[in-house]
Amino acid sequence: MQFFLTFLSLALAFRTASAAAVSSRALPGFVQTNGTRFSLDGQKYTVVGANAYWISLAGLSNKDLDKSFSDIASMGATSVRVWGHNEMSEQYIYPAGIVYQIWSGNKAKVNYGENGLGYFDRVIASARKHNLRLIVALTSNYNQDYITGGINTYIKQVLGRDEFHEVFFTNSEIKSAYKSYVTAVVERYKEEATILSWELGHHLKCSVSWHPYNPKCSTEAITSWIQEMSSHIKTIDPNHLVAVGDEGFYNREGNSRWIYNGRDGIDFEANIALKSIDYGTFAYRPESYELRNTEEPLQWIEEHGKSQARAGKPVVLADIGLEIRESWLDKVVSSGIAGTLYWQAGSDGISLNMPFWFHGDSISTASTAYVNLRKHAEALKKQ
Ligand SMILES: *[C@@H]1O[C@H](CO)[C@@H](O)[C@H](O)[C@H]1NC(C)=O
């Protein structure tokens, strides 16, 4: 205890002394940014690894948590992206399921129990044991009532009906519901260095699966929401990095392609320029993004390398899969992109109490993707 307190006061003194020179995030053990790269305790830190949202939702035993993280570490990973949210209406809660936020009508409460944040504590402990750091998404765009909650749960519970996702970013009651959940989670883990960063939400945008696009969608509304929520997190937790968690869509006038013209409410360049956003993310889904021939997909990667240089902040390819081609990975490296996360890692032979968690396009450790990613991780680390 004595040691811990001494350590803490030293750490705090260090933080104050170095605040002006380096950044406000100088606590030892916390990943920081350094221009377009990440750093950790004075060394370069490479963000490479995989998504594995099922790990924080599947209610694994400690033994299986260890197996899962050890499998991911074996691909040369340093970082794993997981869900730090699961907002559920009480009527949808699976008996053995993990749920972080329980909704009853328009009232929500955070679940601190063994099947809630108590489980997330075990996820963190196991990641730490394997020298991995976690990127934690605080909600998700996709409406999966029975699986991962998300934006739709907030909208349906607060308004009592489905709506375009723009209301998630503009309705004051919904905003304060999201803010109170985020406050609870961030407060609980603000001293936890195993967490690499917070992400406001997975694939945030205003389009929804039941409608091709939202006619009322505005990039300004989402950028202003991002500004509000990210600075709120920084106020309570100056130690951790904060990112949006979006797919990196551009908002360029006169461009006819929807991933480049702001249709879904995301302006990647405006968002990464915000002071309270530390790095950018983008996804690489050539088919769903209608990136045709061989050039367009490669251009998408290159564009994000250019944005990274202009912003002077790291950009991470946070979602690539299931297919990966060596030419794509080579382009990531040659474009100078700071990091890559595969969608998504699997682990063989573990026992899931909710088997359908595994269905999110996860791969076996025997897959060639693991081999390619191991090589790619080496290339990124050398960069
Ligand atoms: C920060 O970036 C500079 C410039 O690229 C580099 O020389 C330095 O070693 C980096 N520091 C860390 C801690 O990564």
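Mature numbering (1 follows the signal peptide of the UniProt record, and there is no 0) puts the sequence shown at residues -19 to -1, 1 to 364.
Glycine included, every Cβ here is placed at the ideal spot set by N, Cα and C.
In the DSSP assignment, find the unbroken alpha helix (DSSP H) run with residue i in it and report its ends.
i      : result
Arg238 : Segment: none, Arg238 is in no alpha helix (DSSP H) and carries neither H nor E.
Trp309 : Glu307 to Ser315
Trp265 : Residue identity check: residue 265 is Tyr in the sequence provided, not Trp. No alpha helix (DSSP H) contains Tyr265, which is instead part of the beta strand (DSSP E) from Gly261 to Tyr265.
Ser161 : Ser153 to Tyr170
Ser205 : Thr200 to Ile217
Asn252 : Phe249 to Ile253
Leu21  : Here Leu21 belongs to no alpha helix (DSSP H); instead the beta strand (DSSP E) covers Arg18 to Leu21.
Arg291 : Glu276 to Ala292
So, at 6 Å on beta carbons, what are the nonlocal neighbours of residue i in its own chain, with the 5 sequence-adjacent residues on each side left out?
i           : result
Tyr270      : Ile240
residue 367 : Residue numbering for the chain in the displayed model covers -19 to 364; residue 367 lies beyond these limits and cannot be assessed.
Tyr26       : Val12, Phe19 and Ser20
Gly57       : Arg355 and Ala358
Trp309      : none
Tyr194      : Ser188 and Arg244
Val3        : For Val3, the pLDDT reaches just 43, beneath the cut-off of 50, and the residue's location in the model is therefore unreliable, although a value from the coordinates is still provided. Closer than 6 Å at Cβ, skipping near neighbours: no residue.
Pro278      : Pro267 and Leu272
Asp300      : Ala264 and Trp324
Tyr123      : Gly131
Ala360      : Val314
Val167      : Ile214, Ile217 and Asp218
Ile344      : Gly327 and Ala350
Ser107      : Leu46, Asp47 and Phe50
CB of residue i to nearest heavy atom of ligand 1: below 7 Å?
i      : result
Arg18  : yes
Lys25  : yes
Thr274 : The question names Thr, but residue 274 is Asn in the sequence shown. No, ligand 1 has no heavy atom inside 7 Å of this Cβ.
Asn152 : no
Asn15  : yes
Identify, in the order they occur along the chain, each residue of the same chain with its Cβ nearer than 8 Å to the Cβ of residue i, setting aside the five sequence neighbours on each side.
i           : result
Gly10       : Leu21, Asp22 and Ala174
Lys171      : Ile217, Asp218, Asn220 and His221
Arg291      : Glu250
Ile36       : Leu46, Ser49, Phe50, Val61, Val63 and Val104
Asp342      : Gly302, Leu303, Trp324 and Gln325
His111      : Asp47, Phe50, Ser51, Ile53 and Ala54
residue 368 : With the chain covering only -19 through 364, there is no way to say anything about residue 368.
Output needed for residue i: all residues of its chain with C-beta closer than 7 Å, excluding positions within five of it in sequence on either side, in chain order.
i           : result
Gly229      : Phe249, Gly261, Thr262, Phe263, Ala264 and His285
Val223      : Ser178, Trp179, Ser211, Ile214, Lys215, Ser257, Ile258 and Asp259
Lys48       : Ser328 and Ile331
Gly16       : Gly293
Glu154      : Val139
residue 371 : With the chain covering -19 to 364 only, the question about residue 371 has no answer from this structure.
Ile307      : Checking the sequence, you will find Glu at residue 307 rather than Ile. Answer for Glu307: Asn353, listed in chain order.
Gln72       : none
Leu181      : Leu119, Ile207, Met210, Ser211, Val225 and Gly226
Lys197      : Phe145 and Glu147
What are the start and end residues of the beta strand (DSSP E) that includes residue i?
i           : result
Thr349      : Element bounds for Thr349: not the beta strand (DSSP E) but the alpha helix (DSSP H), Thr349 to Lys363.
residue 367 : The displayed coordinates of the chain run from -19 to 364. Any statement about residue 367 would go beyond what the structure contains.
residue 426 : Shown here, the chain extends from -19 to 364; a query on residue 426 therefore has no answer.
Leu8        : That residue, Leu8, is in no beta strand (DSSP E); it is neither H nor E in DSSP.
Ala299      : Val296 to Ile301
residue 366 : Since the first residue of the chain shown is -19 and the last is 364, residue 366 is not available in this structure.
If you measure from the CB of residue i, is any heavy atom of ligand 3 nearer than 7 Å?
i      : result
Val225 : Ligands in the displayed structure: ligand 1; ligand 3 is not one of them.
Using a Cβ-Cβ distance under 8 Å, would residue i count as near chain D?
i      : result
Ile176 : This model lacks chain D altogether, as it is built from one protein chain only.
Could you tell me whether the segment 75 to 88 touches the segment 129 to 138, where touching means 3 or more Cβ pairs closer than 8 Å? yes
Output the residue ranges of the beta strand (DSSP E) runs that lie fully inside the segment 97 to 147 and measure 3 residues or longer, sorted by chain position. 114 to 118
Ignoring anything shorter than 3 residues or poking outside the segment 23 to 97, list the beta strand (DSSP E) runs there in chain order. 24 to 26, 29 to 32, 60 to 64, 68 to 70, 82 to 85 and 88 to 91
Are the segment 146 to 155 and the segment 165 to 179 in contact at 8 Å, needing three or more beta carbon pairs? Contact fails between the segment 146 to 155 and the segment 165 to 179, because fewer than three Cβ pairs, one in each stretch, are under 8 Å apart.
Determine contact between the segment 281 to 296 and the segment 312 to 329, defined as no fewer than three beta-carbon pairs at a distance below 8 Å. yes
How do the segment 319 to 327 and the segment 30 to 50 stand: do at least 3 beta-carbon pairs fall below 8 Å, yes or no? yes
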